[in-house]
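Below: one structure, written as C-alpha cells.
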Amino acid sequence: MKMRKRLLGPRLLRKATVLCGALSFGAAALGQGTITFNTSAGLSSTYYEELGMWFQVVVPLGTSGYDDIGIVPGNLYHNLPTTSTPFMFFLRQNNPFDYVALSMTNGSMFGLTSVQLADPNSPSPSPVSISFVGHLASGLAITNTFTTPGNGATTFATYAFNSDFTSGLTSVDILAPRWAMDDLTFTVPEPGIGSLSLLGLLALGWLAARRRDS
Numbered sequence: 024m025k026m027r028k029r030l031l032g033p034r035l036l037r038k039a040t041v042l043c044g045a046l047s048f049g050a051a052a053l054g055q056g057t058i059t060f061n062t063s064a065g066l067s068s069t070y071y072e073e074l075g076m077w078f079q080v081v082v083p084l085g086t087s088g089y090d091d092i093g094i095v096p097g098n099l100y101h102n103l104p105t106t107s108t109p110f111m112f113f114l115r116q117n118n119p120f121d122y123v124a125l126s127m128t129n130g131s132m133f134g135l136t137s138v139q140l141a142d143p144n145s146p147s148p149s150p151v152s153i154s155f156v157g158h159l160a161s162g163l164a165i166t167n168t169f170t171t172p173g174n175g176a177t178t179f180a181t182y183a184f185n186s187d188f189t190s191g192l193t194s195v196d197i198l199a200p201r202w203a204m205d206d207l208t209f210t211v212p213e214p215g216i217g218s219l220s221l222l223g224l225l226a227l228g229w230l231a232a233r234r235r236d237s
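Residue numbers for the sequence shown follow the working numbering, so the first one is 24 and each next one is one higher.
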C-alpha cells in the first residue's frame with residue numbers, strides 16, 4: 024500500500040502564519056531614531072511631529088489656558104541654554120497644570136533610550152525635576168525622573184532612561200513646570216528577519232503543494 028504524503032494546506036498555512044507573527048513580534052529587532060528639532064526652528068505651537076513622533080500640549084479637565092511648546096535656534100538668546108543646534112522648550116505660564124505628551128503618529132508602541140535636558144532659564148537658578156511618565160499597553164504606568172543641576176548651569180546634559188522604558192510604551196507624559204530638550208532617542212519594533220524568512224518558506228511550500236494537487 025502506498026503512503027500518501029500530507030502536503031501543507033491553506034488551513035495549516037494560516038495557523039503557521041499566526042505563529043510566525045507571534046514569533047516575529049516576540050523576537051523583533053529595534054529600530055532607532057533621534058528627534059533633533061533641527062528643521063523647525065522658530066516654531067511656537069501646541070503640537071509638533073518629527074520622525075513619526077507626536078508632541079502635544081495636554082490641558083487637564085477642569086483647568087483653563089494653555090502654554091505652547093517652542094523650538095528655538097541654538098545660541099540665539101543669552102537667557103537660554105547654550106547649544107549650537109535648535110531645541111524644544113516648554114514653560115508653564117498660563118496654566119499651572121498643562122503638560123506635553125508624546126506618542127507615535129501611527130499608534131505603534133515605542134521605547135525611549137536617552138535625552139538631553141536643561142533648564143530653559145539660563146543660567147539655571149535652581150534644579151528642575153523633570154518626570155517622564157510612561158503608559159504601557161498593559162495599562163500600567165512607569166516613571167523616570169531626571170533632575171537638572173541648577174547652580175548656574177548653562178548647558179544641556181544627557182540622561183539615560185531606565186530599562187522599564189526600553190519598549191512597550193503607548194505614550195509618555197512630560198511633567199515639569201519648565202524644561203528644555205534636545206536629541207531624544209527612541210526605538211520602535213521591527214519585524215524579526217528570521218520569522219519573516221520562515222513565513223516566506225511556508226508560503227512557497229503551500230504554492231508547491233497547490234501545483235502538485237492540480
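Glycine included, each C-beta is placed from N, C-alpha and C at the ideal position.
Just so we're clear, the structure is a prediction, and the values are computed from it rather than from any experiment.
Item                                                                                                                                                 : Value
If distances are taken between C-alpha atoms only, which option among 134, 130, 69 and 94 comes closest to residue 185?                              : 134
For the stretch 137 to 219, list the beta strand (DSSP E) runs that are entirely contained and at least 3 residues long, ordered along the chain.    : 152 to 159, 164 to 170, 180 to 183, 192 to 198 and 201 to 213
What span of residues does the beta strand (DSSP E) with residue 120 cover, start to end?                                                            : First-last for residue 120: undefined, no H or E at that position.
Going by the CB atoms, is the gap between residue 78 and residue 125 shorter than 7 Å?                                                               : yes
Please name the residue or residues paired with residue 135 in a DSSP beta bridge.                                                                   : 209
Looking at C-beta atoms only, is the number of pairs between the stretch 182 to 200 and the stretch 55 to 62 that lie closer than 8 Å three or more? : no
Mark residue 143 as exposed unless 16 or more other C-beta atoms lie within 10 angstroms of its C-beta, in which case mark it buried.                : buried
Quick check on this structure: which residue in 210, 163 and 95 has the alpha carbon closest to the alpha carbon of residue 106?                     : 95
Can you check DSSP and say which residues form a bridge with residue 114?                                                                            : 201
I need the straight-line Cα distance from residue 39 to residue 211, nearest angstrom please.                                                        : Low confidence applies here, because residue 39 scores a pLDDT of 44, under 50, leaving its location unreliable; read the following figure in that light. Their backbone Cα atoms lie some 25 Å apart in a straight line.
Give me whichever residues DSSP pairs with residue 95 in a beta bridge.                                                                              : 110
Does residue 100 come out as helix, strand or coil in the three-state DSSP assignment?                                                               : coil
What residue does the beta strand (DSSP E) around residue 82 start on, and which one ends it?                                                        : Residue 82 -> no beta strand (DSSP E), and no H or E assigned at all.
Are the CB atoms of residue 196 and residue 151 nearer to each other than 7 Å?                                                                       : no
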